[in-house]
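Residue numbers are given in the numbering used here: position 103 of the sequence shown equals residue 110, and the series is strictly consecutive.
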Amino acid sequence: MKSFAGIVAIFSLGGLLIPFLFRVIWHFLDRSVHSDLQFIVFKLMLLLWPTSLMAFVSTQESVAETTYFLFSMAANVIFYAILGALVWLGWRKHGAFFAIAGIGMGVIWWKLLLL
């Protein structure tokens, strides 16, 4: 069994890498054509990167876009760190922490998928 810091670090790393992965995917998707693939990628992005809504900006300034992306990524790392802490607590302390994590994620995903 990994330590608390190890589990939180693994989850945090996932929270850091997921935004980069989706940034690359969106770079290669053709934005001029609305397809079912874009819809699927968007919904998957909302599930795995719930703070991605912070990165959608209506400005043409690349500095502002980069800043919003970095804030969104930092929020995602924090989100995944909290999720990792709840998972570790569920494994080591009490299974009720799994319920807290599951209910919290369910509510967040439900709200995001209704967008």
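Note that CB positions come from ideal geometry on N, CA and C, so glycine has one too.
Does any residue of chain C have a CB that is nearer than 9 Å to the CB of Lys50?
No chain C appears in the structure shown, which is made up of a single protein chain.
Tell me which residues share the same chain as Leu36 and place their Cβ nearer than 8 Å to its Cβ, disregarding the 5 neighbours each side in the sequence.
Your numbering for residue 36 matches position 29 in the sequence shown. Cβ within range, chain order: Leu44, Gln45, Val48.
Is the separation between the beta-carbon of Phe86 and that of Tyr75 shorter than 9 Å?
For this step, residue 86 is matched to residue 79 along the sequence shown. For this step, residue 75 is matched to residue 68 along the sequence shown. No, they are not a contact pair.
Looking only at its chain, what residues have a beta carbon closer than 8 Å to the beta carbon of Met112, apart from the 5 residues adjacent to it on each side?
For the purposes of this step, residue 112 is taken as residue 105 along the sequence shown, with counting starting at 1. Only Leu90 meet the Cβ criterion.
Under the three-state reduction of DSSP, which class applies to Glu68: helix, strand or coil?
Residue 68 sits at position 61 when you count from the first residue of the sequence shown. Three-state result, Glu68: coil.
If I measure Cβ to Cβ from Leu119 and keep anything under 7 Å in the same chain, skipping five residues before and after, which residues do I get?
Along the sequence shown, one-based indexing puts residue 119 at 112. Only Leu53, Pro57 meet the Cβ criterion.
Kindly indicate which three-state DSSP category Lys100 falls into: helix, strand or coil?
On the sequence shown, position 93 is the one that residue 100 refers to. The answer is coil: DSSP assigns Lys100 none of H, G, I, E or B.
Output the boundary residues of the alpha helix (DSSP H) element that contains Phe18.
On the sequence shown, position 11 is the one that residue 18 refers to. 11 to 35 is the span of the alpha helix (DSSP H), which, as asked, contains Phe18.
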